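The structure appears right after this line, and notes come after that.
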Amino acid sequence: MWILWLIAVLCVIYYVIIVAYSGLSTSFSIIWLLLAACCILFGVGWDAYLKQKDKVPLWIPVSVVTICCTGILVFTIVEILVFTGVAVRDTSKLDYVIVLGARVKEDGISKSLKNRLDKAIDYLDENPGTILVLSGAKGEDEPVSEAEAMRDYLVFNGVKETQLILEARSYSTVENIAYSRVAIEEDQERKKVESQESPIMMDPGTYEEVPDKPIKIGVLTSDFHVFRAQQIARKWGIPDIYGISCKSDPVLFVHFCVRECVAILKDKLVGNM
1 MWILWLIAVL
11 CVIYYVIIVA
21 YSGLSTSFSI
31 IWLLLAACCI
41 LFGVGWDAYL
51 KQKDKVPLWI
61 PVSVVTICCT
71 GILVFTIVEI
81 LVFTGVAVRD
91 TSKLDYVIVL
101 GARVKEDGIS
111 KSLKNRLDKA
121 IDYLDENPGT
131 ILVLSGAKGE
141 DEPVSEAEAM
151 RDYLVFNGVK
161 ETQLILEARS
171 YSTVENIAYS
181 RVAIEEDQER
191 KKVESQESPI
201 MMDPGTYEEV
211 PDKPIKIGVL
221 TSDFHVFRAQ
231 QIARKWGIPD
241 IYGISCKSDP
251 VLFVHFCVRE
261 CVAILKDKLV
271 GNM
């Protein structure tokens, strides 16, 4: 079928574009070449089936079509969840916002990370009392940890270091959330100790004890990534997590959506969300 050949050509062209644009040739981008190969294989198989329809058992084409349709249906459902499953909530005046890291290059931060950090700066401008938890370790091909790179960028753009907590141990979204939660708990304990060491003196009978106010935590990441980050956070001890999304790179948007679909299915299967 000509449509399969057209899709195969588009997949190869898109692969070349994303590799030339961002240098992702060693990562998940290889999926586009695999998709192109699958389309070519299906196209050749379909032509062969039409020529020898009487010799091919009916269950073979039915199985192939069923598998393809199921895959398309699953992908569609996941993408609907990704972009409509995040409820619109008031994210103002959060106590902590976990900023998820992204690739750091030799010559600076990636566009995805810059978009997240610019969003974090805008958020702090409107909510100066919020603490940012910068989450991300140093990958093998990264000059510094993602947390350090984020701190340097934010400080350079006027954010006070006292508003930043670095979490530089995590290599995945699950670890981002888990270690950031620990960092927040440690910061809360530190603040409790400081408040006990410097009590506010008041006359007896002029105050009453009130229960501790529950802290409000958000997670800031790219638009396609918010759903998975929230689901992982709910699974790993932050049930009332607020999602804050930023725009993603338009050239890599389709690539990120496909990658995110695979990541969501994997995390669901292994129990991360």
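When you line the sequence shown up against the UniProt record's numbering, it's residues 1 to 273, in that order.
The C-beta atom is built at its ideal place from N, Cα and C for all residues, glycine as well.
Note that the coordinates shown come from a computational prediction; the quantities given were computed from them, not determined experimentally.
Nearest neighbour of Phe75 by Cα position, chosen from Ile17, Ala263, Asp223, turns out to be Ala263. Here Val99 really is in contact with Val133; their C-beta atoms are around 7 Å apart, less than 8 Å. Between the C-alpha atoms of Gly271 and Glu194 there is a straight-line separation of about 38 Å. Taken through DSSP and simplified to helix, strand or coil, Thr221 comes out as strand. Between the C-alpha atoms of Arg89 and Gly243 there is a straight-line separation of about 8 Å.
Distance from the CA atom of Arg228 to the CA atom of Tyr15, rounded to whole angstroms, is 25 Å.
Assigned with DSSP and collapsed to three states, Ile238 falls in coil, not helix or strand. The Cβ atoms of Ala48 and Val12 do not sit closer than 8 Å to each other. In chain order, Ala137, Lys138, Ala168 place their CB closer than 6 Å to the CB of Ser145, counting only its own chain and leaving out the 5 sequence neighbours on each side.
Boundaries of the alpha helix (DSSP H) around Leu154: 146-156. In this structure, DSSP gives Gly139 a state outside helix and strand, which the three-state scheme calls coil.
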